[in-house]
Structure formats: C-alpha cells, structure tokens
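Trainee: Have a look at this one before I ask anything.
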Amino acid sequence: MSKKALGGIVILALVFAIVLASLFLTQPSTESQKTVSSNTIGVVTIEGVIGDFSNILGIPQFTPDPVEQIRRAQEDNTVKAIVVKINSPGGSAAKSVEIYTELKRLKETGKKVIVSMGDAAASGGYMAACGGDIIVANPATITGSIGVIMQYTNYEGLYDKLGLKEITIKSGPYKDMGSPTRDLTPEEKKILQGIIDDTYEQFVEIVSEGRKIPIEKVKELADGRIFTGRQALKVGLVDKLGDFYDAVDIAAKEAGIQGKPVLKYYTTPNPLSILFGGGAKSNLEGTGLEILRLLFIDKWSLNYK
C-alpha cells in the first residue's frame with residue numbers, strides 16, 4: 001500500500017472518530033440527566049419552511065421533524081418546561097396543524113410551553129406558536145400573515161409559442177383542475193375557493209382557541225397582513241417582547257426552576273456541521289437541489305404563508 005493511500009485511510013479514520021465523539025458528547029448520559037432533571041428546560045426548534053417536502057426526491061432533512069422533537073419532549077421526564085424556537089415563514093397547512101396539535105398534547109403532560117419567535121413566525125409559523133402557553137416575540141419579528149394561499153402558473157401562452165400541446169386523458173371532469181396549460185373554469189374556481197375557505201376557517205379557529213380570542217376578533221386580523229412583534233403585542237397575538245433567553249427565563253419561572261436552567265435540545269447535529277462549523281440547515285435551502293425540489297412540489301399543496 002502506498003504512503004498516499006495509507007495517509008488517506010488515516011485521515012478518514014480520524015474524521016470518523018471526530019464525528020462519533022462529537023455525537024456522543026452531545027447526548028447526555030442517564031446519570032447526567034438525573035443530575036440536571038430538576039432544572040432542565042427542553043428546546044424544540046422549528047426552522048425554515050414547514051413541511052416534509054424533501055421526501056419528494058428522496059433527499060433527507062438534516063434537522064429533525066418538529067413533530068418528532070415535540071414527541072420526544074412529551075416523553076422526556078427530565079424536563080419541566082419546553083421552549084419552542086420558531087424561525088419560519090410558514091409552509092404546509094397540514095403540517096402546521098399537526099405541529100399545533102402536538103404542542104397541545106405536550107401541554108397536557110403538565111409541562112409549560114413557551115414560544116420564542118425569531119426573525120419570522122408567520123402564517124403556519126404563527127399557527128404553531130399558538131400551541132404555546134406564552135408567546136415571546138422580538139420587537140422586530142415578522143408574524144401574523146393569518147391566511148391560506150394556493151398558486152400555480154399558467155404556461156398556455158408559452159406552450160403556444162413553442163408549438164407544444166398537452167394531451168390529457170382523465171377519469172373525471174375535474175381531474176386535471178389546475179393544469180398549467182389552461183385557465184380554470186368557473187366551476188373549478190368555485191371548488192378551489194371552497195377548499196381555501198374551509199382551510200382558512202380551520203386556521204382562524206386554531207388562533208381563537210390557542211390565543212383565547214373571539215373568532216370575530218381574529219378575523220379582523222386574519223386578512224393576510226403581517227405584524228412586527230411590537231404590533232402583534234398590541235393586538236394580542238403575542239404575550240411579551242424579548243429574545244430566546246428571555247423566553248428561557250420565563251420558562252424557568254413558570255416551571256419553578258431555581259438558579260440557571262440547563263438547556264436540552266432535541267435536534268441531532270449534522271455531522272458535516274460538526275466538522276466544518278455552522279448549524280445544520282433543513283430543506284437544503286439555498287442549494288441547487290432545493291431549487292430542483294421546488295419544481296416537483298405537487299401543485300395542490302396548501303400553504304400558510
């Protein structure tokens with residue numbers, strides 16, 4: 001074996017050892033959990049666009065699913081309270097509802113749930129926040145955007161210029177509804193508007209339930225507009241202004257924790273980020289693969305954004 005090949009094997013072995021050691025060190029032992037169980041606060045992270053879109057191309061996400069994190073927090077007897085860090089513009093309607101529902105179940109375990117809003121906690125991100133006991137927003141956080149949207153692009157004119165024609169064979173009159181090569185018929189528009197309206201009502205009901213605000217009052221704010229954290233406080237969409245560490249202090253107080261709390265994150269570090277620095281990114285944002293993924297998202301995905 002050449003010295004060059006041997007050197008390469010040694011380097012790979014070192015890299016592997018570093019990754020294993022780093023992952024091991026991030027997982028507290030059972031003994032350490034017992035030691036800190038009286039003053040530990042769990043941290044759930046909701047980062048980026050909400051939804052499990054990466055499965056379309058079979059590309060895994062590096063950041064654990066928020067629902068998976070919440071369920072781990074439900075079962076974790078070493079924590080008294082949970083801080084939910086949200087930095088999201090929204091996303092999938094169904095996934096946002098699922099996150100809200102899981103946070104409700106988390107509260108049923110007796111743990112206090114405090115939400116910390118980052119740069120954005122809008123639309124589906126705001127719906128998730130409504131699952132908390134107390135919402136803390138940065139004064140400059142972008143939040144609100146309570147509403148539902150469905151969009152697609154009509155390429156009919158472009159197809160005509162290129163001499164292309166779509167051939168459709170369908171089982172029913174509405175199966176190709178939303179085809180990018182033709183306009184919607186009045187009947188199709190009515191069907192889709194009904195879906196949007198029903199999903200919107202679900203959103204309004206969740207905000208009303210989570211924030212304990214009358215539905216009519218929510219509808220006055222639920223026209224798609226966005227708010228800064230400071231504006232949201234004035235209209236009752238959030239409870240306090242502050243940053244993540246303010247939210248941690250509130251969680252500690254609500255849980256009766258004395259002294260400085262220990263934070264326990266439910267995200268598993270991306271090994272590449274351990275080696276090269278920086279946090280793990282979800283959904284491959286900013287990469288060519290992410291752009292490719294967006295081209296293949298089903299046209300009927302309902303989004304809170």
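Positions 1 to 305 (UniProt numbering) are the ones given, in order, by the sequence shown.
Quick reminder that beta carbons are idealized off the backbone N, C-alpha and C, glycines included.
What residue range does the alpha helix (DSSP H) around residue 67 cover?
Mentor: Indexing the sequence shown from 1 puts residue 67 at position 67. Here the alpha helix (DSSP H) through residue 67 covers 66-75.
Trainee: Considering only the alpha carbon of each residue, which of 230, 202, 235, 200 lies closest to residue 217?
Mentor: Residue mapping note: residue 217 aligns to position 217 of the sequence shown, counting from 1. Out of 230, 202, 235, 200, 235 has the C-alpha closest to the C-alpha of residue 217.
Trainee: Given a threshold of 16 other Cβ atoms within 10 Å of its Cβ, counted over all protein chains shown, does residue 29 qualify as buried or as exposed?
Mentor: Residue mapping note: residue 29 aligns to position 29 of the sequence shown, counting from 1. Unreliable placement is indicated for residue 29, whose pLDDT of 38 sits below 50; the coordinate value is still reported in the next sentence. Exposed, since its Cβ has fewer than 16 Cβ neighbours within 10 Å.
Trainee: Please return the same chain residues whose Cβ sits closer than 6 Å to the Cβ of residue 239, not counting the five positions on each side in sequence.
Mentor: Taking the sequence shown and counting its residues from 1, one reaches residue 239 at position 239. Result list for residue 239: 134, 135, in chain order.
Trainee: Using the rule of at least 16 other Cβ atoms within 10 Å of the residue's Cβ for burial, across every protein chain shown, is residue 200 buried or exposed?
Mentor: As a working mapping, residue 200 is identified with position 200 in the sequence shown. Answer is buried; the Cβ neighbour count reaches 16.
Trainee: Starting from residue 103, trace the alpha helix (DSSP H) both ways and give me its first and last residue.
Mentor: Within the sequence shown, numbered from 1, the residue matching residue 103 stands at position 103. It spans 93-108 - the alpha helix (DSSP H) in which residue 103 sits, taken as one unbroken run.
Trainee: Please give me, in chain order, every unbroken run of the beta strand (DSSP E) with length at least 3 that falls completely inside the region 211-260.
Mentor: If we require 3 residues or more, the beta strand (DSSP E) runs fully inside the region 211-260 come out as 226-228.
Trainee: Which of the three DSSP states, helix, strand or coil, is assigned to residue 129?
Mentor: Here residue 129 is taken as the residue at index 129 of the sequence shown, counted from 1. Residue 129 falls in the helix class under three-state DSSP.
Trainee: So, at 6 Å on beta carbons, what are the nonlocal neighbours of residue 314 in its own chain, with the 5 sequence-adjacent residues on each side left out?
Mentor: Because the chain is modelled from 1 through 305, residue 314 falls outside the range shown and cannot be assessed.
Trainee: Output the boundary residues of the alpha helix (DSSP H) element that contains residue 161.
Mentor: Looking up residue 161 in the sequence shown gives position 161. Residue 161 -> alpha helix (DSSP H) spans 156-162.
Trainee: Answer with buried or exposed for residue 102, where buried requires no fewer than 16 other C-beta atoms within 10 angstroms of its C-beta.
Mentor: As a position in the sequence shown, residue 102 is number 102, starting the count at 1. The residue is buried, with at least 16 neighbouring Cβ atoms inside 10 Å.
Trainee: Per DSSP, which one or two residues make a beta bridge with residue 45?
Mentor: For this step, residue 45 is matched to residue 45 along the sequence shown. 85.
Trainee: Classify residue 193 as buried or exposed, calling it buried when 16 or more other Cβ atoms lie within 10 Å of its own Cβ.
Mentor: On the sequence shown, residue 193 is found 193 positions in, with the first residue counted as 1. Exposed, by the Cβ-count rule.
Trainee: Over what stretch of residues does the beta strand (DSSP E) that includes residue 79 continue unbroken?
Mentor: Against the sequence shown, residue 79 aligns to sequence position 79. Segment: none, residue 79 is in no beta strand (DSSP E) and carries neither H nor E.
Trainee: With residue 318 as the anchor, note down where its beta strand (DSSP E) starts and where it stops.
Mentor: Residue 318 lies beyond the range of the chain shown here (1 to 305); nothing can be said about it.
Trainee: Does residue 143 come out as helix, strand or coil in the three-state DSSP assignment?
Mentor: As a working mapping, residue 143 is identified with position 143 in the sequence shown. In this structure, residue 143 counts as strand in the three-state DSSP scheme.
Trainee: Apart from the five residues on each side of it in sequence, which residues of its chain come closer than 6 Å, Cβ to Cβ, to residue 119?
Mentor: Here residue 119 is taken as the residue at index 119 of the sequence shown, counted from 1. Correct list, in chain order: 87.
Trainee: Under the DSSP definition of a beta bridge, which residues are partnered with residue 40?
Mentor: Taking the first residue of the sequence shown as position 1, residue 40 is located at position 40. Paired residue(s): 262.
Trainee: Do residue 244 and residue 237 come within 8 Å of each other at the CB atom, strictly closer than that value?
Mentor: Here residue 237 corresponds to residue number 237 of the sequence shown, with the count starting at 1. Here residue 244 corresponds to residue number 244 of the sequence shown, with the count starting at 1. No; because the gap between Cβ atoms is not below 8 Å, this pair is not in contact.
Trainee: Apart from the five residues just before and just after residue 204, which ones in its own chain have a Cβ nearer than 8 Å to its Cβ?
Mentor: The count along the sequence shown starts at 1 and reaches residue 204 at position 204. Cβ within range, chain order: 146, 215, 218, 219, 222.
Trainee: Closer than 7 Å to a non-hydrogen atom of the ligand GTP - does that hold for the CB of residue 206?
Mentor: Here there are no bound small molecules, and the ligand GTP is not part of this structure.
Trainee: Pick out whichever of 249, 109, 114, 78 has its Cα sitting closest to the Cα of residue 45.
Mentor: On the sequence shown, residue 45 is found 45 positions in, with the first residue counted as 1. Minimum Cα distance to residue 45 is reached at 114.
Trainee: Tell me where the beta strand (DSSP E) around residue 112 begins and ends.
Mentor: If you number the sequence shown from 1, residue 112 lands on position 112. Here the beta strand (DSSP E) through residue 112 covers 112-122.
Trainee: Taking the C-alpha atoms as reference points, what is the distance between residue 281 and residue 169?
Mentor: For the purposes of this step, residue 281 is taken as residue 281 along the sequence shown, with counting starting at 1. For the purposes of this step, residue 169 is taken as residue 169 along the sequence shown, with counting starting at 1. Low confidence applies here, because residue 281 scores a pLDDT of 38, under 50, leaving its location unreliable; read the following figure in that light. Rounded to the nearest angstrom, the two C-alpha atoms are 41 Å apart.
Trainee: Figure out for me which residue from 82, 132, 80 has the closest Cα to the Cα of residue 212.
Mentor: Locating residue 212 in the sequence shown gives position 212, counting from the first residue. Answer by Cα proximity: 132.
Trainee: Can you find the residues in the same chain that come closer than 7 Å, C-beta to C-beta, to residue 196, ignoring five residues on each side of it along the sequence?
Mentor: Working through the sequence shown from its first residue, we reach residue 196 at position 196. If we look at residue 196 and ignore the five residues flanking it on each side, its Cβ neighbours are 148, 150.
Trainee: Less than 8 Å separating the beta-carbons of residue 264 and residue 40?
Mentor: On the sequence shown, residue 264 is found 264 positions in, with the first residue counted as 1. On the sequence shown, residue 40 is found 40 positions in, with the first residue counted as 1. Yes, they are a contact pair.
Trainee: Can you have a look at residue 167 and say buried or exposed, based on whether 16 or more other CB atoms are within 10 angstroms of its CB?
Mentor: Along the sequence shown, read from residue 1 onward, the residue named residue 167 stands at position 167. By the neighbour-count rule (16 or more Cβ atoms within 10 Å), residue 167 is not buried but exposed.
Trainee: Alpha carbon to alpha carbon, how far is residue 47 from residue 165?
Mentor: Counting from one through the sequence shown, the residue named residue 47 turns up at place 47. Counting from one through the sequence shown, the residue named residue 165 turns up at place 165. The alpha-carbon atoms of residue 47 and residue 165 are separated by roughly 41 Å.
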